[in-house]
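Numbering (our numbering), first residue to last: 345 to 728.
Backbone N, C-alpha and C fix where the C-beta goes; we use that ideal spot for every residue, glycine too.
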C-alpha cells in the first residue's frame, strides 16, 4: 500500500458516510457536549443523523478553573489549553465507548476571549482552548479544531459559525425559520430556501447573566435557573429592564457578535450589587425578561419576516424564559427545536458537520453573516 493510500485523510476522503464526534463547550460552562453524528456527503446536500449524545458536566472545581482562565496569564492559558484538550478527549472517548467507533472529531473548544471587529478597539482576535492535537493524540482520530480564527483572519466576526450547518440541516421549502440558540450567549440564524438569503448574528445575552445570578436567587441551591423555577418566583422590575434594553450592542446592526466580555458574571454581579435593595428573585426575573426581549427586539430590527422560531440550547429548558419569549414574539410560533437531546446537541452536531467541510476543503463560514472578506475553510486539522 502506498503512503498516499495509508494517509488518514485519504481514508476519510474515501468515506461518503462518516461517523463524526462534535465537541462543544459553551459560555454557560455546563460541561462538554459530545455528539456522535453520522454524516453523508458534504456541502449543501449533506445529511446528518444524530446517533448518540451526552453532556459530561464540569465539576465546581473545573468550572472555577475555567473562570480563572478568563483573566489568566500566559502560563495559565498554556496549561489550560492542554488541560481542556484532555477534558475534551475524555468526553469523546466516553461517548465512543458507549456508542461505537468514529472516523473524525470536530471540536469547537472553550472560548476564553473573543474580540471581534465590531468591538471597535484592539486587535480583532479570538481564543479558544482545548488543544486539538491533544484530542487527536488521545483518541487516535483526525481532529479538526479552532474553527473561529480563519474567519477573524479575513476580517470577520468569527461568529456565529453554525448558520451554514443550520441551513444545510434545517431548511424547509416554503418556510422562513429562525434557529434561535440560547446558550451562554444568544444567537440566531434566519434561514430560507436559498443559502444566499441566510442572515445570522448574536442577539445578546443568553444564559450567562441569568446563570451568574442564579446562586444568589436560589440561596446557593443551584448554579443556573433550573427549569426557570427560581426566576418564576420573582417579578420583572420595569425600570431596570428599560435601562438594560438601552444597550449599544443591541442597537448595532449585523454583522456582529458578542460574549462574556460584555455580558459576563462579574458585570452581572456588580449590577446586582448596585440594586441590592431589590429581591434577588426579582433581579433574576428581570434578567430573564431582558434576555427574551433582547432576542425579540433583534428580530424586529434585523431579521425580517419569520414563520417560526425553533429554540435550542440550555435556554430552551427554562420555562420562564420560553414563556417570556413566546409572549414577546406573538403571534409567531415559538417552540423547542425537537426533543431534549436535539435541543442540547444542535451546536455539537454543527461542529461535526464543519469538521467534514474542513476535511474536504469546503468553506464553512457565511461572509454575509460574519463580515469576512471571502468564504473560508474553517478549522485546523490535527493528525493522530
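- Under the DSSP definition of a beta bridge, residue 649 lacks any partner.
- A distance below 8 Å between beta-carbons, with the five flanking residues on each side excluded, links residue 412 to the following residues of its chain, in chain order: 420.
- In the DSSP assignment, residue 547 falls outside any alpha helix (DSSP H) and lies within the beta strand (DSSP E) extending over 543 to 549.
- Sixteen is the threshold: when 16 or more other Cβ atoms of the shown chains lie within 10 Å of the Cβ of residue 555, as they do, the residue is buried.
- Listed as beta-bridge partners of residue 526 by DSSP are 530.
- Checking the DSSP bridge columns, you'll see residue 398 partnered with 378.
- Note that the stretch 696 to 709 touches the stretch 353 to 370; at least 3 beta-carbon pairs, one per stretch, sit closer than 8 Å.
- About 6 Å separates the CB atoms of residue 496 and residue 468; that is less than 8 Å, so the two are in contact.
- A check of alpha carbon separations from residue 491 across 666, 480, 652, 476 identifies 476 as the nearest.
- The residue from 581, 721, 663 with its alpha-carbon nearest to that of residue 573 is 663.
- With a cutoff of 7 Å on beta-carbon distance, residue 373 and residue 410 are scored as near each other.
- Put simply, the backbone Cα of residue 451 is about 16 Å away from that of residue 383.
- In this structure, residue 433 sits near residue 482, with a CB-CB distance shorter than 7 Å.
- Within 10 angstroms of the beta-carbon of residue 405 lie fewer than 16 other beta-carbons, which makes it exposed.
- Distances from the alpha-carbon of residue 460 to those of 600, 595, 684 put 600 closest.
- Judged by DSSP secondary structure, residue 539 falls outside any alpha helix (DSSP H); it is assigned neither H nor E.
- With fewer than 16 neighbouring CB atoms inside 10 Å of its own CB, residue 403 falls in the exposed class.
- Between the stretch 648 to 657 and the stretch 567 to 584 there are fewer than three inter-stretch CB-CB distances shorter than 8 Å, so the stretches are not counted as touching.
- In the three-state DSSP reduction, residue 423 falls in the helix class (H, G or I).
- Assignment of beta strand (DSSP E) within the stretch 658 to 682, counting only whole runs of 3 or more residues, yields 677 to 680 in chain order.
- At a Cβ-Cβ threshold of 7 Å, residue 393 and residue 448 do not count as neighbours.
- Following the DSSP letters along the chain, one finds residue 482 inside the alpha helix (DSSP H) bounded by residues 476 to 483.
- The beta carbon of residue 552 lies closer than 6 Å to those of 371, 528, 604, 607 in the same chain, with the five residues before and after it left out.
- Annotated three-state conformation of residue 631 is helix, per DSSP.
- Each residue's CA atom was taken as its position, placing residue 683 and residue 415 some 37 Å apart.
- Secondary structure at residue 690: helix, using DSSP grouped into helix, strand and coil.
- Residue environment analysis places residue 661 among the buried positions, since at least 16 neighbouring C-beta atoms fall within 10 angstroms of its C-beta.
- Taking the Cβ atoms as the reference, residue 697 lies roughly 5 Å from residue 509, within the contact range of under 8 Å.
- Between residue 513 and residue 390, the alpha-carbon positions lie close to 8 Å from each other.
- Approximately 5 Å separates the beta-carbon atoms of residue 378 and residue 435; this is inside 8 Å, confirming the contact.
- Going by DSSP, residue 724 is part of the beta strand (DSSP E) stretching over 724 to 726.
- Taking a cut-off of 8 Å on C-beta distances, the stretch 706 to 720 touches the stretch 586 to 600, as three or more cross pairs fall below it.
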